[in-house]
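One point on numbering: in the UniProt record's numbering, the residue at position 301 of the sequence shown is 301, and numbering is uninterrupted.
Cβ atoms here follow ideal geometry from the backbone N, Cα and C, with glycine treated the same way.
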Amino acid sequence: ISSLIQSILALIGAPLAGKEAWNYVEVRDGAHMFWWLYYADNPSASDLPLVMWLQGGPGGSGSGFGNFEEIGPLNRNLEPRKTSWVQAASVLFVDNPVGTGFSYTERPDGYATNVAMVASDMLVLLRHFFTEKDEFQSVPFYIFSESYGGKMAAAISSELIKAIEQGTVKCKFAGVALGDSWISPLDSVMTWGPYLYTTSLLDDYGLADVNNAAEEVKKAVEQQEFLKATELWSMTESVVEQNTNGVNFYNILTQEPDEKLTSSTRRHIRPLHSQSLSELMNGPIRKKLGIIPQNVTWGGQAEDVFSYMAGDFMRPVVDIVDQLLTAGVNVTVYNGQLDLIVDTMGQELWVKQLKWEGLPGFNKLRWTALDDPISPGITGAFYKTYKNFAFYWILRAGHMIPSDQGAMALQMMKMITQQV
C-alpha cells in the first residue's frame with residue numbers, strides 16, 4: 001500500500017496552482033507555525049468562504065487529523081472524501097499552538113503557556129496569510145474548531161476583531177463555530193457522572209466515585225489552582241475508566257481495547273496521533289510538502305505543547321464567548337450526542353450562564369429538527385438560532401463530529417456559513 005501511496009503523491013507532487021498551498025510563518029523568534037490551504041474545489045470557488053480549522057489537544061494537528069481524518073479532500077488512505085468541506089469552502093488548516101503537527105519551536109521558551117499567547121501567535125500568522133493570499137481578504141472568513149481548539153478559537157476571534165478594527169489584519173471575519181469545545185472545563189467534568197449514569201455506563205457506586213473525583217476538580221478551580229485542577233481532571237478520567245471498563249471518552253458507543261493509556265497527556269493527545277496517521281504524515285506527506293526541516297517530526301513536540309499549557313487547561317473562557325456575542329460576532333456552538341469528554345450536558349450549562357442580552361430570546365425558542373442528509377426521514381440533528389447565536393445538537397456523533405457524521409457536519413457548515 002505504501003508504494004501505491006507514494007505513486008499517488010508523486011502524481012500530486014508540488015502544490016497545484018489554485019488547488020492548494022502551504023508555508024511556515026515565524027510567529028516569534030525560533031517559533032514556526034505551519035499552515036496548509038486547500039482552495040475550494042468548486043466552479044464558484046472565488047465566491048465561497050474561507051474556513052480555518054483548529055484542532056484540540058492542545059497538541060492535536062489540523063494538518064493531520066482534521067485534514068485526513070475529518071474534513072480534508074482525502075482520507076487517511078488518500079482516497080477522496082465524499083463529505084469534504086473543500087466542496088463548499090476553501091479550508092485553511094493551521095498547526096497550533098507552536099509545536100503542534102509540523103509547527104515547531106527551536107527552544108523551550110518557544111511554547112505557548114496560555115490562550116492569550118496562542119491568540120497572539122495566530123494573529124501574526126493570519127496577518128502574514130492574508131497579505132500573502134490577498135484574494136481571501138474579500139471573502140467571508142470563519143473559524144471552525146474542535147475541543148480545545150474552541151477555547152483557542154474564542155480567544156483568537158476576540159483578538160482578530162481588534163486587529164481588523166486597527167487595520168493590522170485585512171479580512172472579512174464572519175463568525176466562529178465552537179465544536180465540542182472546552183469552553184467551561186468544569187461544567188464538562190461535573191456532568192461526566194450524570195451523563196454516564198443515564199447511559200448505563202455507571203452504577204450507583206461508580207456514579208458516587210466519579211462525582212467525588214469531580215468535586216475535587218471543582219475545589220481546585222474555585223481556588224484558582226489551575227495546574228492542580230488539570231492533574232485532578234486527569235485523575236477523574238482514570239476514575240471514569242476504572243468504573244466504566246474503559247469507556248471511550250470521544251464516543252461512548254465505541255471502545256478501543258488498546259487505548260487504555262496511563263498518562264493523561266498521552267491519553268488526551270494519543271487518539272489524534274494514531275500510528276497509521278503518523279506514518280502517513282512523517283512519510284509521504286512530509287515528502288510532498290518539501291519544506292519540513294530535517295529535525296522536525298509531525299507530532300514530535302505534541303506532548304510538550306500540552307505540558308506547557310497545563311496551567312491554562314482548566315480555565316474557562318465563557319466570558320470571552322460573552323464578549324464575542326455582545327460585539328455582534330456570529331457564534332455557533334455544536335456538539336455530538338455521544339461525546340463524553342465535552343458532553344452536551346456541560347455545554348448546556350455554560351450557555352445558560354451567558355450574560356448576553358439575547359439569551360432569554362434564545363432560551364424561549366423551540367429547536368428545529370434537521371434530516372440526516374444521507375437518510376431522509378431520519379433526524380440527524382436539532383438546531384436553534386437567535387440573532388447572532390446558534391446551537392446544533394448533532395445525533396449519533398461523538399467528539400469528532402465530521403468523522404462520525406460527515407454528511408451532517410458538511411450540511412451544518414453550509415448553514416453556518418449561510419450557503420443554505
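Which two residues bound the contiguous alpha helix (DSSP H) that contains residue i?
| i | result |
| --- | --- |
| T344 | T344 to K352 |
| Y308 | A302 to M309 |
| G336 | No alpha helix (DSSP H) contains G336, which is instead part of the beta strand (DSSP E) from V331 to G336. |
| A229 | F226 to T244 |
| L359 | L359 to K364 |
| W192 | P185 to T198 |
| E279 | Q275 to L280 |
| K288 | R286 to L289 |
On the DSSP letters alone, give me the boundaries of the beta strand (DSSP E) that residue i sits inside.
| i | result |
| --- | --- |
| Y205 | Taken as a continuous stretch (DSSP letters only), Y205 belongs to no beta strand (DSSP E), being part of the alpha helix (DSSP H) at D204 to E222. |
| F173 | K172 to G179 |
| S90 | S90 to D95 |
Look at the Cβ atom of residue i, then the Cβ atom of residue j, and state whether they are nearer than 8 Å.
| i | j | result |
| --- | --- | --- |
| A407 | G59 | no |
| T385 | P49 | no |
| V115 | Y38 | no |
| D404 | N251 | yes |
| G179 | E146 | yes |
| T198 | L349 | no |
| P140 | D121 | no |
| T230 | A154 | no |
| V169 | R127 | yes |
| A214 | G246 | no |
| Y383 | F391 | yes |
| F93 | N75 | no |
| L186 | F173 | no |
| Y148 | G57 | yes |
Compute the Euclidean distance between the alpha carbons of residue i and residue j, then round it to the nearest angstrom.
| i | j | result |
| --- | --- | --- |
| A31 | G110 | 5 Å |
| N212 | T236 | 9 Å |
| L261 | W298 | With a pLDDT of only 49 at L261, under 50, the local geometry of the prediction cannot be trusted, and the value read off the model is given with reservation. Spanning the two alpha carbons is a distance of roughly 21 Å. |
| K19 | W35 | 14 Å |
| G358 | W367 | 16 Å |
| I320 | K151 | 9 Å |
| N335 | Y142 | 18 Å |
| M400 | T100 | 18 Å |
| Q6 | K287 | Unreliable placement is indicated for Q6, whose pLDDT of 49 sits below 50; the coordinate value is still reported in the next sentence. Cα to Cα, the separation comes out at about 9 Å. |
| E259 | F306 | Note that E259 has pLDDT 48, beneath the 50 cutoff, so the model's placement of it is unreliable and no number is given. |
| residue 433 | G328 | Look at the range of the chain in this structure, 1 to 420, and you will see that residue 433 is not part of it. |
| A88 | G175 | 16 Å |
| P108 | D95 | 18 Å |
| Q411 | V124 | 31 Å |
| G361 | T254 | 37 Å |
| E70 | G398 | 12 Å |
| D304 | Q294 | 19 Å |
| V189 | L365 | 27 Å |
| G167 | D134 | 14 Å |
| V331 | L324 | 7 Å |
| L9 | A409 | Its pLDDT being 49, under 50, L9 is placed unreliably by the model, and the measurement read from it follows with that caveat. For L9 and A409, the distance between alpha carbons rounds to 27 Å. |
| G64 | S276 | 11 Å |
| residue 485 | L395 | Residue 485 lies beyond the stretch modelled for the chain, which goes from 1 to 420, so this question has no answer here. |
| A14 | V296 | For A14, the predicted structure reports a pLDDT of 48, less than 50, and the residue's modelled location is therefore unreliable. The matter cannot be settled from this model. |
| M52 | D204 | 43 Å |
| L202 | S103 | 40 Å |
Quick check on DSSP: helix, strand or coil for residue i?
| i | result |
| --- | --- |
| G13 | The predicted position of G13 is uncertain, since its pLDDT is 47 and thus under 50; no value can be drawn from it. |
| S375 | strand |
| R28 | strand |
| T262 | Confidence is the limiting factor: at T262 the pLDDT is only 47, short of 50, which leaves the residue's position unreliable and the question unanswerable from this model. |
| T254 | coil |
| A369 | strand |
| A21 | strand |
| T297 | coil |
| P316 | coil |
| T326 | helix |
So is residue i in contact with chain D if we call contact Cβ pairs under 8 Å?
| i | result |
| --- | --- |
| N251 | The displayed structure is made up of one protein chain only, and chain D is not part of it. |
Handout entry: Runs of alpha helix (DSSP H) wholly within the segment 128-153 (minimum 4 residues, chain order)
Key = Taking only runs of at least 4 residues, no alpha helix (DSSP H) segment lies wholly in the segment 128-153.
Practice task
Please go through the segment 33-78 and give each complete beta strand (DSSP E) segment of 3 or more residues, from N-terminal end onward.
Solution key: Within the segment 33-78, the complete beta strand (DSSP E) runs of at least 3 residues are 50-54.
Exercise for the section: Starting from the N-terminal side, write out each stretch of the beta strand (DSSP E) that is 3 residues or longer and does not extend beyond the segment 381-417. Expected result: List check, beta strand (DSSP E) in window: 389-394.
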